[in-house]
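Working notes for the structure below.
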Amino acid sequence: MGPGIARVEGALIGSTDSEYTLRIAGVTDIRGRESRWSGEQVSLRRTWVGNAYERRFSKPRTYVLVGALTAGLTTFVVTRHLFGIGSLAGSSGGGGGNQQ
């Protein structure tokens, strides 16, 4: 990396009182040009960093998403009679034989 960097995105893998160590996912320069990185590890001095932000998953939203996906998958399995779960509509339950 060099001068003119406006934004660095990546995962924080370590920090000390003087620097951050990141696994870089992307960099945006001061002109707005973005470049994608493939997880290279870089150490940045804290004095070079103007602002640091952390993104986290929302726990309530994550629980709602997991619940919705579970309900959807369960409904799919039951309505498709996968794994022998569910009942067959219109099943007479009898086998035909030779009837005369």
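Here this note's numbering is used: the first residue of the sequence shown is 64, the next is one more, and so on. Even for Gly, the Cβ is constructed at its ideal location relative to N, Cα and C.
Q | Identified DSSP bridge partners for Ser106 | A | Thr84
**Q.** Of the listed residues Gly73, Leu107, Gly95, Thr137, nearest to Ala88 (C-alpha basis)
**A.** The option with the nearest alpha carbon to Ala88 is Gly73.
Q: My understanding is that Met64 touches Val105, with C-beta atoms under 8 Å, so please give their C-beta distance in whole angstroms.
A: 7 Å
Q.
Quick check: what's the CA-CA separation for Glu97 versus Arg86?
A. 16 Å
Q.
If I measure Cβ to Cβ from Ile68 and keep anything under 7 Å in the same chain, skipping five residues before and after, which residues do I get?
A. Val90, Asp92
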